[in-house]
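Residue numbers (the working numbering): 1 to 352. Each residue gets a CB set at the ideal place from its N, CA and C atoms; glycine is no exception. Here the structure comes first, spelled out in structure tokens, and everything after it is commentary.
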């Protein structure tokens, strides 16, 4: 008979955070544009932004008083984030995924009851981590791609968190203007959009082009791009794309379209509860991004007595139910991925 150990939150979080085998497959959007983090002790997430205006210092004679030029041009926003709280029972029939290197099952010593019990808890924590961090990644992707988060689920009514990106940073090319069609210059399109991001309020200098898998098929065969590659040493264009076979990874570096513009092919996806597979980014789209996005991983306070409204990204807990008898593990998070400068990205649908 095994001892029904109820682990405390600190122990469960250690399993959640520290096991190297628990890393999600990719976190492209989080890792590149949401590199800072703020944890709130309130249920709501508050964020503001000071306008980066380019003022000239006022001219005065040396004996005149100085003139103030700082103005608090802040945009205050308060958002109550959506809540995620996966919960699963600890059951003896739960399948345990063994890590590589454990050995052949025919030669391996059977697990003791406590080892199996602990392995089930670790397996639940792993699955919860996948689900929670995939949701963070989904929020980050939508903030960069669309400038908003459209939050909706069976237990959560439709809520749109609009970060205020300029409508001109969402583009759909029509018939006769799409990439791959006669007379369409991909390079001219990109230059125009780069200029749009650079001169936009809260924009920035673009250094990355992320493209969908369908777009890559068109780009690598574009005659203008191939001509740039053939003449790059004369023109100093810096165009250097890898036109060979791709490995099939969710994110692959494809080369450069200028000395400072890297190109990545992106094809990662997630799975809905009904089993349908959905790409994070439409394969017909491209997105131009600047480091100036300065995305922040924001987390609201955990609405749980056990957490005591602490500021933390995830709160783990475990408890027994008497009727029906069961032991449960649950993880809670109140995330919102906020792009401080939403105009530092531009998304375009370039294929039909």
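With burial defined as no fewer than 16 other Cβ atoms inside 10 Å of the residue's Cβ, what is the status of residue i: buried or exposed?
i: residue 159; result: exposed
i: residue 137; result: buried
i: residue 249; result: exposed
i: residue 317; result: buried
i: residue 156; result: exposed
i: residue 107; result: Low confidence applies here, because residue 107 scores a pLDDT of 44, under 50, leaving its location unreliable; read the following figure in that light. With fewer than 16 other Cβ atoms within 10 Å, it is exposed.
i: residue 280; result: buried
i: residue 21; result: Legend: pLDDT at residue 21 = 48, less than 50; position of this residue unreliable, value from coordinates given subsequently. Result: exposed.
i: residue 181; result: exposed
i: residue 114; result: exposed
i: residue 326; result: exposed
i: residue 342; result: buried
i: residue 292; result: buried
i: residue 374; result: Given a span of 1 to 352 for the chain in the structure shown, any question on residue 374 remains unanswerable.
i: residue 331; result: buried
Starting from the C-beta of residue i, find all residues in its chain whose C-beta is less than 8 Å away, skip the five residues before and the five after it, and write them out in chain order.
i: residue 313; result: 37, 39, 297, 299, 333 and 335
i: residue 256; result: 238, 239, 240, 241, 262 and 263
i: residue 187; result: 224, 225, 228 and 257
i: residue 271; result: 277 and 278
Among residues of its own chain, excluding the 5 on either side of residue i, which ones have a beta-carbon nearer than 6 Å to its beta-carbon?
i: residue 216; result: 265
i: residue 150; result: 160
i: residue 373; result: Nothing can be reported for residue 373, as the shown portion of the chain is limited to 1 through 352.
i: residue 27; result: 137
i: residue 218; result: 179 and 180
i: residue 259; result: 238
i: residue 307; result: 315
Name the two residues that bound the continuous beta strand (DSSP E) containing residue i.
i: residue 207; result: Residue 207 -> no beta strand (DSSP E), and no H or E assigned at all.
i: residue 89; result: 87 to 89
i: residue 32; result: Per DSSP, residue 32 belongs to no beta strand (DSSP E); it is in the alpha helix (DSSP H), 28 to 33.
i: residue 343; result: Segment: none, residue 343 is in no beta strand (DSSP E) and carries neither H nor E.
i: residue 287; result: 285 to 289
i: residue 325; result: 325 to 332
i: residue 80; result: Counting along the chain, residue 80 falls outside any beta strand (DSSP E), and DSSP gives it neither H nor E.
i: residue 158; result: 156 to 162
i: residue 246; result: Counting along the chain, residue 246 falls outside any beta strand (DSSP E), and DSSP gives it neither H nor E.
i: residue 170; result: 170 to 172
i: residue 179; result: Residue 179 -> no beta strand (DSSP E), and no H or E assigned at all.
i: residue 318; result: 315 to 322
What are the partner residues of residue i, as DSSP defines its beta bridges?
i: residue 337; result: 297
i: residue 279; result: 269
i: residue 264; result: 210 and 253
i: residue 36; result: 296
i: residue 216; result: Paired residues: none, contrary to the question.
i: residue 84; result: 333
i: residue 349; result: 172 and 285
i: residue 46; result: 78
i: residue 309; result: Note: residue 309 sits in no beta bridge, so no partner.
i: residue 150; result: 160
i: residue 240; result: 256
What are the boundary residues of the alpha helix (DSSP H) that residue i is part of?
i: residue 113; result: 113 to 146
i: residue 199; result: 186 to 199
Once you ignore the five residues that flank residue i on each side, which residues in its own chain have a CB closer than 7 Å to its CB?
i: residue 321; result: 328
i: residue 365; result: The question about residue 365 has no answer here: the residues shown for the chain are numbered 1 through 352.
i: residue 243; result: 220
i: residue 41; result: 301, 309 and 311
i: residue 29; result: 137, 140, 141 and 144
i: residue 269; result: 277, 278, 279 and 280
i: residue 352; result: 178
Would the stretch 169 to 188 and the stretch 336 to 351 be scored as touching if the rule is three or more Cβ pairs under 8 Å?
yes
Would the stretch 74 to 88 and the stretch 122 to 136 be scored as touching if the rule is three or more Cβ pairs under 8 Å?
yes
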